[in-house]
Each structure stands twice: as structure tokens, then as C-alpha cells.
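Engineer:
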Amino acid sequence: MAKVIIFGVMDTAELAHFYLTHDSEHEVVAFTVNQEYLHDKTGFRGLPLVPFEDVAELFPPQEYKFFAPMTGKGMNKNRERIYLEAKAKGYEFISYISSKSTTFGNEIGENCFILEDNTIQPFTTIGNNVVLWSGNHIGHHGRINDHVFFTSHVVMSGHCTIGSYSFFGVNSTIRDYLTIGEGTLVGMAASVTKNTDAWGVYVGNPAEKRPIPSYKAY
1 MAKVIIFGVM
11 DTAELAHFYL
21 THDSEHEVVA
31 FTVNQEYLHD
41 KTGFRGLPLV
51 PFEDVAELFP
61 PQEYKFFAPM
71 TGKGMNKNRE
81 RIYLEAKAKG
91 YEFISYISSK
101 STTFGNEIGE
111 NCFILEDNTI
121 QPFTTIGNNV
131 VLWSGNHIGH
141 HGRINDHVFF
151 TSHVVMSGHC
161 TIGSYSFFGV
171 NSTIRDYLTI
181 GEGTLVGMAA
191 SVTKNTDAWG
201 VYVGNPAEKR
211 PIPSYKAY
């Protein structure tokens, strides 16, 4: 059991508080955001809300752990930035893995947010700072690298490698034995049948690459 500080006060942070409170051994003790977003608020969900700039002095890393379950905006770079900044302050991170997900002793990194009804088959590993929203199928003998976001009802078939910073829209599908390039953005209901290029945007069935880099699209 850890005493946990959550980064954020938007929907994802509120959901993280709910899940950790009702489906984990951890205790959420505070929230934190950057000073410019405090807007004179001092609390959220009945708990202290403190400036991220001061959080390590108020809640020392030796006594508390950190959780930054943020969205995938900026191709997951925003979440990566807070993750690295909190790590630089000396914090260790928890991960939340829903008791209603199905796992098989998989290796799963830190600061991961894995919601209900995800199935992660055997021999697949997941890196750090990964979000799997509800209801995804993660196939066997695969690898999801750091800073990736799966929305809902995504199918990743077996033997796939997912590059860091990738983002998958609702109901998208990835054929088996594919390598998804770093920073790939896959649109809703897209069916990926070939390896993807780094920072590409892919939509349609079968998925085709669009002439815009993902970091400009999202």
C-alpha cells in the first residue's frame, strides 16, 4: 500500500481517484497541478490540491508515490513530460491495473493506467507510462513500448511491436506480426495491415497513411 499523489484535476485524474479508492490497496492523499492552473483552488475531491512546483517539499518522495494518468494529447508527450519531471523530483510511481482486467503475469511498467475488461495475453510486455482504456484485446508475444495510449476496443493481434508515443482510436485493429512505428496515430475503426512509418497518421480500412505527421494532427 502506498500513499499517492495524483497529477491533474480533469476527468482522467478524477477517474484515477475513483479507481484507486475503490479497486486498489493504495490511498490517494493529494492532487497536484502546475501553479498556473490552480486558479486559487486549494482542494479537489475533498483532498489537498498543491502546486506541482512545490509538491516534493509538501509530500516528500521518500514517503509518497506518484501517479500521472493523463490523456494522449500531444502524442503522449504531455504525459511523458510530467512523468519525467516527477521522476526527476525523486518520486517512484504506482501503476493501476484493474481487478476486472485479465492478465497472465505480464511484465508491466510504472505509471500505467489499465482499466476494466482489458485482456493482456501471455508473453506480452508493457513499458512505462502506458494507458489502456477499457475493453482492449492485447495479443500474445507482443511488446508495447513507453508512452502509448490505447482508447477502447482496440485489437492488437499477436507478435506485434508498438512504438513509443503511439495512439490508437476506438475500434482500431492491428494485424499480427506488425511493427507500429514510433508516434503512429491510428484513427477510429482503422484496420492496420502493414508496418507503419514513424509519426504517421493512418485511417480507413485498410488503413492508409495521410500526408500529415501525427504530432500536427493530435
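Number 159 in the UniProt record's numbering belongs to position 159 of the sequence shown; there are no gaps in the numbering. Even for Gly, the Cβ is constructed at its ideal location relative to N, Cα and C.
Please classify E85: does DSSP put it in a helix, a strand, or coil?
Structural biologist: The answer is helix: DSSP assigns E85 an H, G or I state.
Engineer: Among the residues of its own chain, which have a CB less than 6 Å from the CB of A13, if the five just before and after it don't count?
Structural biologist: Hits under 6 Å: I6.
Engineer: In three-state DSSP terms, what is R45?
Structural biologist: Three-state result, R45: coil.
Engineer: Spatial neighbours of L115 within its chain, please: C-beta separation below 6 Å, excluding the five flanking residues on both sides.
Structural biologist: Result list for L115: S98, W133, S134, in chain order.
Engineer: Classify F104 as helix, strand or coil using the three-state DSSP reduction.
Structural biologist: Correct three-state label for F104: coil.
Engineer: Specify the secondary structure class of F52 as computed by DSSP and reduced to three states.
Structural biologist: If DSSP states are grouped into helix, strand and coil, F52 belongs with the helices.
Engineer: Drop a sphere of 10 angstroms on the beta-carbon of M156, count the other beta-carbons inside from all chains shown, and report buried for 16 or more, exposed for fewer.
Structural biologist: The residue is buried, with at least 16 neighbouring Cβ atoms inside 10 Å.
Engineer: Can you find the residues in the same chain that come closer than 6 Å, C-beta to C-beta, to A198, ignoring five residues on each side of it along the sequence?
Structural biologist: If we look at A198 and ignore the five residues flanking it on each side, its Cβ neighbours are G181, E182, G183.
Engineer: Measuring CA to CA, which of T124, H17, F93, I212 is closest to C112?
Structural biologist: When only C-alpha atoms are compared, the closest one is F93.
Engineer: Going by beta carbon distance, what residues of the same chain come within less than 6 Å of T102, once the five residues before and after it are set aside?
Structural biologist: Correct list, in chain order: T119.
Engineer: Counting along the chain, where does the beta strand (DSSP E) carrying F7 start and finish?
Structural biologist: Note, F7: beta strand (DSSP E), 3 to 7.
Engineer: What is the rounded straight-line gap between the Cα of T193 and the Cα of R175?
Structural biologist: So the alpha carbons of these two residues sit roughly 5 Å apart.
Engineer: Which term fits R79, buried or exposed, when burial requires 16 or more other beta carbons within 10 angstroms of its beta carbon?
Structural biologist: It counts as buried.
Engineer: With 16 as the cutoff for other CB atoms within 10 Å, does E107 come out buried or exposed?
Structural biologist: Flag for E107 reads exposed.
Engineer: Should A88 go down as buried or exposed, given a rule of 16 or more other Cβ atoms within 10 Å for buried?
Structural biologist: It counts as exposed.
Engineer: When the Cα atoms are used, what is the spatial distance from Y144 to R210?
Structural biologist: The displayed chain sequence assigns Ile, not Tyr, to residue 144. Distance between the alpha carbons of I144 and R210 is about 23 Å.
Engineer: Starting from T21, trace the alpha helix (DSSP H) both ways and give me its first and last residue.
Structural biologist: From DSSP, the alpha helix (DSSP H) with T21 extends over 11 to 22.
Engineer: Can you round the beta-carbon distance between V148 and S164 to whole angstroms, since I take them to be within the 8 Å contact cut?
Structural biologist: So it is a contact: roughly 7 Å between Cβ atoms.
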